[in-house]
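Down below is the structure, laid out as C-alpha cells.
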DNA sequence: TTAATTCATCGCAATATTACGATAAACCGG
DNA sequence: CCGGTTTATCGTAATATTGCGATGAATTAA
C-alpha cells in the first residue's frame, strides 16, 4: 500500500510521528540547528550553509513550516526564517513525554 | 534521486535523523509506548495491541531493532521485546541536545 | 512425528520522499 | 521599465516506505 494507517492510532501518536518525521532528515536537523544557533532569525541564504541545491533546501524548509516548527516572514526581497517558539516547545514536550513516561516507568526494567 | 545525501552532514546530524526516522511512524510510537508501559519485556503478541497485520508489525519491530531502540530475545516459541536501555537513553539525550541547545540559546529569541 | 503457534522474511503494489534543473514570482536598485 | 537577487513551485527521476498475503523457520504440545 504505502499509506500510513493513521486512523488506527491516537491523535497523540500521529502528532508525535509527524514531528519525528520532520526531524527525520539530516538536512532538516542541520537547518534547525543553524536557526537555533543564530541570535535571531536568519534572513536570506540558509542555502550557503548546506551542500544542497536551493530548490532542495526550500523544500525542506517547507516541510518544517508545514509541521509548524519553523516560521518564515517575507522581509523585502529576502525571507526570514526562525524557530516557532510555541510549537517548538510543544514538540519538545511531546518527545520528552515519550522518553520520560509518567511516573515510575523507565527503560531500566528487567528484561528476559 | 531519492537518496539522502548523508555525506553532506555531520555524523551527529545523521544519527539524530536516524532516531527521528524510527519514531516517524505512529505504529512505532505505539509499539514503544506499549513496551514502556509494561512492567518488563513483552513476550508475544504485540500484534493484538495494534490494528495492523502481523507482517507489518514485524517489519516495524525490525526497524526499531535495527536502530537499536528495541531488543528482542528468543524465548522458546515466543520472542520477548523490550526497550534497549542504553540506546534509549542515548537517543533521548541526543534529542534533548537538539531541543535544549547549549547554554543561552532558546527559541524565544526576537524575530522579524 | 504431526499439528499448532509464533515470528521473520519474501514479493508485490501503492504511495511518499529526496534531489535538482528549470522556471516563475516578488522585490530592489538603478 | 529593466536587469539582478532571492525564494517558491513545477516536473521528473530515483529511491524509500508502508502494508499485507503467502510462505518459511523454529518451537511446543500432543
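Residue numbers (the working numbering), protein chains in the order written: chain Z, 465 to 576; chain C, 465 to 576.
Where is the CB? At the ideal position from N, CA and C, for every residue including glycine.
Item	Value
Any beta carbon from chain C within less than 8 angstroms of residue 558 of chain Z's own beta carbon?	no
What does residue 486 of chain C pair with, by DSSP beta-bridge criteria?	Bridge partners of residue 486 of chain C: none, in fact.
Would you list the residues sitting across from residue 547 of chain C in a DSSP beta bridge?	C:534
Use the C-beta contact count for residue 491 of chain Z: other C-beta atoms within 10 angstroms, 16 or more gives buried, fewer gives exposed.	buried
Residues bridged to residue 542 of chain Z by DSSP?	Z:539
Between the Cα of residue 582 of chain Z and the Cα atoms of Z:468, Z:508, Z:479, which residue gives the shortest distance?	Only positions 465 to 576 of chain Z appear in this structure, which leaves residue 582 of chain Z out of reach.
Beta-carbon of residue 512 of chain Z versus every beta-carbon of chain C: anything under 8 angstroms?	no
Count the CB pairs spanning the region 511-526 of chain Z and the region 515-529 of chain C that are closer than 8 angstroms, and state whether there are at least three.	no
For the region 482-504 of chain C, which residues have a CB atom closer than 9 angstroms to at least one CB atom of chain Z, in sequence order?	482, 483, 484, 485, 486, 487, 488, 489, 490, 491, 492, 493, 494, 496, 497, 499, 500, 501, 502, 503, 504
Nearest to residue 475 of chain Z by CA position, among C:550, C:549, C:493, C:553, is which residue?	C:493
Do we get a CB-CB distance below 8 angstroms when we pair residue 477 of chain Z with the residues of chain C?	yes
Should residue 468 of chain C be flagged as near chain Z, meaning a C-beta pair shorter than 8 angstroms?	yes
Closest to residue 546 of chain C by C-alpha separation, out of C:484, C:523, C:502, would be which residue?	C:502
Residue 483 of chain Z to residue 465 of chain C, Cα distance in whole Å?	24 angstroms
Under 9 angstroms Cβ-Cβ, which residues of chain Z neighbour residue 517 of chain C?	Those within 9 angstroms of residue 517 of chain C in chain Z number zero; the least Cβ separation is about 10 angstroms.
Hey, residue 559 of chain Z and residue 480 of chain C are a contact pair by Cβ (cut 8 angstroms); roughly how many whole angstroms apart?	So it is not a contact: roughly 12 angstroms between Cβ atoms.
Taking only beta-carbon positions, decide if residue 473 of chain C is within less than 8 angstroms of chain Z.	yes
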